[in-house]
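Protein chains in written order, with this note's numbering: chain A, 46 to 271; chain B, 46 to 271.
2 protein chains.
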Amino acid sequence: MSDKGVAAVERALAILDCFESDQESLPLKTIAQKTGLYKSTILRLCVSLESYGYLRRREDGDFQLGPTLWRLGALYRNRFDVATHIRPVLKRLSEATGESASFYVRDGDARICLMRHNSSQAIRHHLEEGVRLPLNLGAAGHLIQAYSDASDPKTQEIKANSYAISLGERDPNTASIAVPVLGRGDAFMGALVVSGLRTRFDEEARQKAITLALEEARRLSQDIYG
Amino acid sequence: MSDKGVAAVERALAILDCFESDQESLPLKTIAQKTGLYKSTILRLCVSLESYGYLRRREDGDFQLGPTLWRLGALYRNRFDVATHIRPVLKRLSEATGESASFYVRDGDARICLMRHNSSQAIRHHLEEGVRLPLNLGAAGHLIQAYSDASDPKTQEIKANSYAISLGERDPNTASIAVPVLGRGDAFMGALVVSGLRTRFDEEARQKAITLALEEARRLSQDIYG
DNA sequence: TTTTATTGTTCTGTCTGACAGAACATCGTT
DNA sequence: AACGATGTTCTGTCAGACAGAACAATAAAA
Chain A
46 MSDKGVAAVE
56 RALAILDCFE
66 SDQESLPLKT
76 IAQKTGLYKS
86 TILRLCVSLE
96 SYGYLRRRED
106 GDFQLGPTLW
116 RLGALYRNRF
126 DVATHIRPVL
136 KRLSEATGES
146 ASFYVRDGDA
156 RICLMRHNSS
166 QAIRHHLEEG
176 VRLPLNLGAA
186 GHLIQAYSDA
196 SDPKTQEIKA
206 NSYAISLGER
216 DPNTASIAVP
226 VLGRGDAFMG
236 ALVVSGLRTR
246 FDEEARQKAI
256 TLALEEARRL
266 SQDIYG
Chain B
46 MSDKGVAAVE
56 RALAILDCFE
66 SDQESLPLKT
76 IAQKTGLYKS
86 TILRLCVSLE
96 SYGYLRRRED
106 GDFQLGPTLW
116 RLGALYRNRF
126 DVATHIRPVL
136 KRLSEATGES
146 ASFYVRDGDA
156 RICLMRHNSS
166 QAIRHHLEEG
176 VRLPLNLGAA
186 GHLIQAYSDA
196 SDPKTQEIKA
206 NSYAISLGER
216 DPNTASIAVP
226 VLGRGDAFMG
236 ALVVSGLRTR
246 FDEEARQKAI
256 TLALEEARRL
266 SQDIYG
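Now the structure itself:
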């Protein structure tokens, strides 16, 4: 199951991965179906997850995510200085371009939308924070992939340009641009993205968004990461 | 190491527990010191934690918490309907009493402050969200313990009263009161707490705070948990 | 109410995965 | 250049973890 990791740990984390929406609790049977693990195996793994606060067992037996995830998630999130830096940037980008603005990071073999400022226009590219999307589709996915994997065929071009564009890849009516936010020592921290209705977010608008996003990304790098 | 759980899983979670503040990265040596694990053991466990996004390895080798924790932490947090329910309650309690108001849940053998509205007064009981505190000190700790462990000597009294009080237990100048928020089927969900300067938060003020907090808790139970 | 089906809990033999700890490699300091 | 500190790789041993059966409790159907 594991290649150079520890199989039992990966089983335990696969259990946590079963939880997908808030307000959710899951019975043992559902976890067994989703993970393919035996119930006795799950129960034993859950003893450890509960003891560290990652899961909680309800009185009716259903499992729920536990408070440790909130605490560690808060630690992680604070590293990006959410309240003081990135969110205002997303607001400015959204207002300046009229489209939605987001910040994505890699999450295993997917990307996750950490923060979002949706456009105020009635017709807009709307997504919720926390959503996970594939790496092989969308400007943010290509950019993240390019900065993670030097052997990716698009890496050289994307790094040379310092942006990625996608037209209708995930949704036929959507266009998006993504620029990198770099930290200390040019470490890739995440993707700053503007996305909108393809007919409105045309080439001229995209070029303007790229320019604005690159400027905001440069300022973020200086302000947050030195 | 483990009693009925899985030792490898608990080792992995012990690694995650090493991270205590935001902006933090930890070198291998520090994790080995904090956990008492061998470096080779840590490295193997970290392969699994990285592959699921719980950790990230920086180019200089240091470890950081990864985006999965944010995602799962957001799922957990949303279960409490933060934005729509509990936070306004804390604001009202704080404004009505003039003291700080918080919401605590159990986190293993500690309690964690999930949400907080600090008093606007210059002299106030100030804490940050996310802080972990012991169960054996403070009104919230006693209340949580009473609702978790029927054999606790204080359980009967606290449940009969529907509140706990502490005077100078954790900090000699602080007084606090805690009332339970119950969910479906009277399941204990967390502690609603008001805390402040002991000389100002006197018996009359505490009694008033208890009354207000019980009313808010009852309303929360109806609104959120049916 | 009884019977059947479903879901959760407990147990244990087997074997292989994980660990301890040494050896080695790399980097930083003197 | 030498030494110390930190990170990486390797492997023999055995005890822990799993698979899966049996049992218990609960829910649904007859």
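Think of the CB as a built atom: it goes at the ideal place given N, C-alpha and C, for glycine as much as any other residue. Everything numeric in this text was worked out from a predicted model, so none of it was measured.
Do residue j and residue i come within 8 Å of each other at the CB atom, strictly closer than that value?
{"i": "ALA195 of chain B", "j": "ILE203 of chain B", "result": "no"}
{"i": "LEU265 of chain B", "j": "VAL224 of chain B", "result": "no"}
{"i": "GLY50 of chain A", "j": "VAL54 of chain B", "result": "no"}
{"i": "TRP115 of chain B", "j": "ARG122 of chain A", "result": "yes"}
{"i": "LEU138 of chain A", "j": "LEU242 of chain A", "result": "no"}
{"i": "CYS63 of chain B", "j": "THR86 of chain B", "result": "no"}
{"i": "ALA220 of chain A", "j": "SER207 of chain A", "result": "no"}
{"i": "THR142 of chain B", "j": "ALA250 of chain B", "result": "yes"}
{"i": "GLN95 of chain B", "j": "ARG102 of chain B", "result": "The sequence shown places Glu at residue 95 of chain B, rather than the Gln named in the question. Closer than 8 Å, so yes."}
{"i": "GLY98 of chain B", "j": "ASP268 of chain A", "result": "no"}
Around the Cβ of residue i, are there at least 16 other Cβ atoms within 10 angstroms (buried) or fewer (exposed)?
{"i": "PRO112 of chain A", "result": "buried"}
{"i": "ALA52 of chain B", "result": "exposed"}
{"i": "SER164 of chain B", "result": "buried"}
{"i": "TYR83 of chain B", "result": "exposed"}
{"i": "ILE60 of chain B", "result": "buried"}
{"i": "GLU144 of chain B", "result": "buried"}
{"i": "PRO217 of chain B", "result": "exposed"}
{"i": "GLU140 of chain B", "result": "exposed"}
{"i": "ILE76 of chain B", "result": "buried"}
{"i": "ALA128 of chain A", "result": "Per-residue confidence for ALA128 of chain A stands at a pLDDT of 49, beneath the threshold of 50, marking its modelled position as unreliable; the derived number appears in the next sentence. So ALA128 of chain A counts as exposed."}
{"i": "ALA205 of chain B", "result": "exposed"}
{"i": "LYS74 of chain A", "result": "exposed"}
{"i": "GLY271 of chain B", "result": "Because GLY271 of chain B carries a pLDDT of 47, less than 50, the predicted location of this residue cannot be relied on, and the following value inherits that uncertainty. With fewer than 16 other Cβ atoms within 10 Å, it is exposed."}
Considering only the alpha carbon of each residue, which of the options lies closest to residue i?
{"i": "LEU120 of chain B", "options": "A:SER70, A:ILE255, A:LEU227, A:THR256", "result": "A:SER70"}
{"i": "LEU100 of chain A", "options": "B:CYS63, B:LEU58, B:LEU73", "result": "B:LEU58"}
{"i": "SER66 of chain B", "options": "A:PRO198, A:LYS199, A:GLY118, A:PHE246", "result": "A:GLY118"}
{"i": "LEU227 of chain B", "options": "B:GLU249, B:GLU95, B:PHE148", "result": "B:PHE148"}
{"i": "ILE222 of chain B", "options": "B:ASP216, B:ALA254, B:THR244, B:ASP197", "result": "B:ALA254"}
{"i": "VAL150 of chain B", "options": "B:MET234, B:ASP247, B:GLU248, B:ASP268", "result": "B:MET234"}
{"i": "GLY213 of chain A", "options": "A:ARG245, A:PRO198, A:THR200, A:ASP268", "result": "A:ARG245"}
{"i": "ASN181 of chain A", "options": "A:GLY98, A:GLU104, A:TYR97, A:PRO198", "result": "A:PRO198"}
{"i": "ARG215 of chain B", "options": "B:ALA262, B:PRO179, B:TYR97, B:GLN267", "result": "B:PRO179"}
{"i": "ASP247 of chain A", "options": "A:SER211, A:ALA232, A:ARG263, A:ASP268", "result": "A:SER211"}
{"i": "ARG89 of chain A", "options": "A:ARG169, A:ALA146, A:ARG56", "result": "A:ARG56"}
{"i": "ARG263 of chain A", "options": "A:GLN78, A:GLN166, A:HIS130", "result": "A:HIS130"}
{"i": "HIS273 of chain A", "options": "A:LYS74, A:GLN78, A:ASP152, A:VAL238", "result": "Outside the shown range of chain A, which is 46 to 271, sits residue 273 of chain A, and nothing can be said about it."}
{"i": "GLU261 of chain B", "options": "B:ALA146, B:GLN78, B:PRO72", "result": "B:ALA146"}
Could you check whether the region 131-138 of chain B touches the region 102-114 of chain B, counting it as contact only if at least three pairs of C-beta atoms, one from each stretch, sit closer than 8 Å? no
Is the region 164-174 of chain A touching the region 184-192 of chain A, taking contact as three or more C-beta pairs under 8 Å? no
May I have a chain-ordered list of the alpha helix (DSSP H) segments no shorter than 4 residues that lie completely inside the region 68-115 of chain B? 73-80, 84-96
Pair every Cβ in the region 154-167 of chain A with every Cβ in the region 180-187 of chain A, then say whether three or more of these pairs are closer than 8 Å. yes
3 or more residues per run - each beta strand (DSSP E) lying fully within the region 193-225 of chain B: 209-212
If we require 3 or more residues per run, which beta strand (DSSP E) segments fall completely within the region 144-177 of chain A? 145-152, 155-162
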